[in-house]
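Single-structure report; data block below.
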Amino acid sequence: MPLPESEISRELVHTRTVKVEGYQRSDGLWDIDGWLTDTKPYSFPNHDRGEIKAGEPLHGMGLRITIDNDMKIVDAVAVTDHSPYAICSKITPNFKKLIGLVIKPGFNTAVKQRLGGVEGCTHLVELLGPMGTTAFQSLVGRRFAEMKKMMETGERRPPMLDSCHTWASDGEVIKRDFPKFYKPKDKAAE
């Protein structure tokens, strides 16, 4: 369903496109490729590039993380093809600091500890949020039957438990699909 038409006239001034794809590799590892592109519908002057033309990327940055089946990052590579400043691409080697991190609750905090502020690039760090969820979706898609069985028997806690209203431990989805983890609301506390 598309967003409703705006009742107020508007003029497009900026477009950010984020694309993230998950790949299963032939060596048993997984690649998660992310790309961020910013464009504007008008040309404007830029000190380092002279002029950035309408539709030309202001930012064009990519990041690949390679993970194992436990979602541990075993390799990372970042590239900056387009940026407003020539110096932007000099920070990309720092993204090797992602190696060793595990994509799990607290991942975004761990990323900011390693690559926050002047240690990283705001845009590439922001890209890691959707890359983390894409990694999860990529692995779960292939391993869902095995994981579902472990969650149904209570061997493994559903990783999505209490991550949003649909996966609330007192909600209908958990009650129906994973009753061992269902915790009804305490009526006395209300």
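In my numbering, the protein residues as written are 28 to 217.
Every residue gets a Cβ at the ideal spot worked out from N, C-alpha and C, and that includes glycine.
As the structure is a prediction and not an experimental result, all values here were calculated from the model.
Give the single residue among the options whose Cα lies nearest to the Cα of residue i.
i, options, result
"Val129", "Lys214, Gln51, Asp95, Ala105", "Asp95"
"Thr66", "Ser36, Val106, His86", "His86"
"Asn73", "Leu63, Ser196, Pro84", "Pro84"
"Lys124", "Val106, Ser110, Glu146, Thr64", "Glu146"
"Tyr112", "Cys148, Glu38, Gly159, Ile126", "Cys148"
Could you check where the alpha helix (DSSP H) with residue i kicks off and where it finishes?
i, result
"Phe134", "134 to 142"
"Lys202", "199 to 204"
Less than 8 Å between the beta carbons of residue i and residue j, yes or no?
i, j, result
"Phe219", "Leu154", "Lying outside 28 to 217, the shown extent of the chain, residue 219 is not represented and no answer is given."
"Pro185", "Phe208", "yes"
"Phe205", "Glu179", "yes"
"Leu151", "Ala105", "yes"
Is residue i buried or exposed, if buried means 16 or more other CB atoms sit within 10 Å of its CB?
i, result
"Thr119", "buried"
"Ile114", "exposed"
"Ala81", "exposed"
"Val167", "exposed"
"Thr93", "buried"
"Met88", "buried"
"Ile63", "Note that residue 63 is Leu in the sequence shown here, rather than Ile. Answer is buried; the Cβ neighbour count reaches 16."
What residue does the beta strand (DSSP E) around residue i start on, and which one ends it?
i, result
"Glu78", "77 to 79"
"Thr44", "42 to 51"
"Lys104", "Position check: residue 104 holds Val in this sequence, whereas Lys was assumed. Looking at the DSSP string, the run of the beta strand (DSSP E) that includes Val104 is 100 to 109."
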